[in-house]
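Structure, as structure tokens:
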Amino acid sequence: MTSRKRLFLAVVAVAVAFGVGGYVLGQQLESPEDARAVVAAPEASLIAVPVEATALSNDVVVRGDAEFEGALDLELDSALGDGSARVVTGRVPEIDTKVNEGDVIIEVSGRPVFVLEGDLPTFREFKPGLEGDDVLQLEVSLTRLGFLAVQPDRLYGSATEDAIEAMYEEAGYEPRGENEGEQAQIKAAEQAVESARTTLANANDRLSDLLKPPSLVQQTRDAQARQKLLDQIVRAQETLDEANADRPSNSLLQAIDAVQRAEFADEGVDQANQAVMAAQDAEQVRVDAAQEQLDTARKALADADAISAAEDSDGVDTSSAQQGVSDAQERLEDA
């Protein structure tokens, strides 16, 4: 009986203890709603979040058949082969072949057709001396392919020609030869260059001769030429003095005698007078010719003395020779 009583009391004590503990614990705990009700609201502040740049996409799956409809018709504007006909002779690519810049996509009349990138279509045949945007586009392509080592300059020159020849040789083709018309043009150009070079060489030789002092032989020749001019002046002066002498010439005396005889005989007077007038005219012509001969000899001597004086003073006028050299140089550059 005693043990039952003790067990009962123990159970009651435990129940009381749990009840008291639950009450105390319930007083300490509170719900989130009660906590938010008791605590004051926080002050308003800025809310920052990271911003990212991204592409918005939405994948849509559909069913269908894809077909290629972007084929283009390409026309060859430049002459190929001998120009008489255009026949596909080889190098036709297979379907779905990937084509790169510099590739040969087809062979027409035995000549290759290269693929080159560019916005400007080829509208003329490239030849040495051409200049323009199409030439610049060609040179840029040759530079990308590694055939042109100089800066593209819009001018189809020797460097451009060499680059094209290298591209043809790498593809296994000989560079295109010139036709008869082009060969004639090249020959004419070569002749013009040779003529310009000859003219330039002659001009340089003439300038060198003017700049060199005269040799002893040349000085002797100049002295002899001057003495010859002096002799001509002396002879011309003597001729003029004789023509201007008071005594009439033999032809005039004979004409006067004929007039006197005609007057004495009273016949042929008119013919005799005409003979006198003709003799007088001939006398005047002889005087004028002698004066002109003297003037010519004096002028030649004056010119020779002027040249000699200029050479002695080292003042040789080489401007004409220098201009000749400059003109010949320009002709050579143009050729």
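Each number in our numbering corresponds to the 1-based position in the sequence shown with 1 added.
A virtual CB, placed ideally from N, CA and C, is assigned to each residue, including glycine.
Span of the alpha helix (DSSP H) holding residue i?
i, result
"Thr161", "Ser159 to Glu171"
"Val136", "Asp134 to Arg145"
Buried or exposed, going by whether 16 or more other CB atoms sit within 10 Å of the CB of residue i?
i, result
"Leu121", "exposed"
"Asp315", "With a pLDDT of only 48 at Asp315, under 50, the local geometry of the prediction cannot be trusted, and the value read off the model is given with reservation. With fewer than 16 Cβ atoms within 10 Å of its Cβ, Asp315 is classed as exposed."
"Val105", "buried"
"Ala204", "buried"
"Ser142", "buried"
"Glu108", "buried"
"Glu140", "buried"
"Ala197", "buried"
"Leu47", "exposed"
"Leu10", "exposed"
"Ala16", "exposed"
"Leu201", "buried"
With DSSP run on the structure shown, which of helix, strand or coil describes residue i?
i, result
"Arg177", "coil"
"Thr90", "strand"
"Glu195", "helix"
"Val317", "Low per-residue confidence applies at Val317: pLDDT is 48, beneath 50, and the placement is therefore not dependable enough to give any value."
"Leu352", "Since the first residue shown for the chain is 2 and the last is 336, residue 352 is missing from the structure and cannot be characterised."
"Leu149", "coil"
"Leu73", "coil"
"Val114", "strand"
"Leu10", "helix"
"Gln294", "helix"
"Val15", "helix"
If you drop the 5 nearest sequence neighbours on each side, which residues of the same chain put their C-beta closer than 6 Å to that of residue i?
i, result
"Leu131", "Tyr157"
"Ile165", "none"
"Lys6", "none"
"Glu61", "Before going further, note that residue 61 is Val rather than Glu in the sequence given. Here the set comprises nothing."
Taking residue i as the reference, which of the options has the closest Cα?
i, options, result
"Phe148", "Glu126, Glu162, Val116 and Asp135", "Glu162"
"Asp154", "Asp134, Asn59, Lys128 and Ile165", "Asp134"
"Arg112", "Glu102, Val88, Asp97 and Glu126", "Val88"
"Glu102", "Glu118, Ala49, Thr297 and Gln228", "Glu118"
"Ile96", "Phe69, Val116 and Val109", "Phe69"
"Thr90", "Phe124, Arg198, Leu73 and Val114", "Val114"
"Thr144", "Arg222, Val63 and Met168", "Met168"
"Ala190", "Arg125, Glu76 and Pro129", "Pro129"
"Phe127", "Arg177, Ala185 and Thr98", "Arg177"
List the endpoints of the continuous beta strand (DSSP E) containing residue i.
i, result
"Glu1", "The question about residue 1 has no answer, for the chain in this structure spans 2 to 336."
"Phe127", "Looking at the DSSP string, Phe127 is not in any beta strand (DSSP E), and its letter there is neither H nor E."
Can you list, in chain order, the residues of its chain with a C-beta nearer than 8 Å to that of residue i? Leave out the 5 residues immediately preceding and following it.
i, result
"Glu44", "none"
"Asp49", "Per the sequence shown, the amino acid found at residue 49 is Ala instead of Asp. Taken in chain order, the list of residues that qualify is empty."
Give every residue of the same chain whose Cβ lies closer than 7 Å to the Cβ of residue i, excluding the five residues on either side of it in the sequence, and list them in chain order.
i, result
"Gly173", "none"
"Val151", "Ala160"
"Asp66", "none"
"Leu137", "Pro153 and Arg155"
"Val339", "Here the chain comprises residues numbered 2 to 336, so residue 339 is not present and cannot be evaluated."
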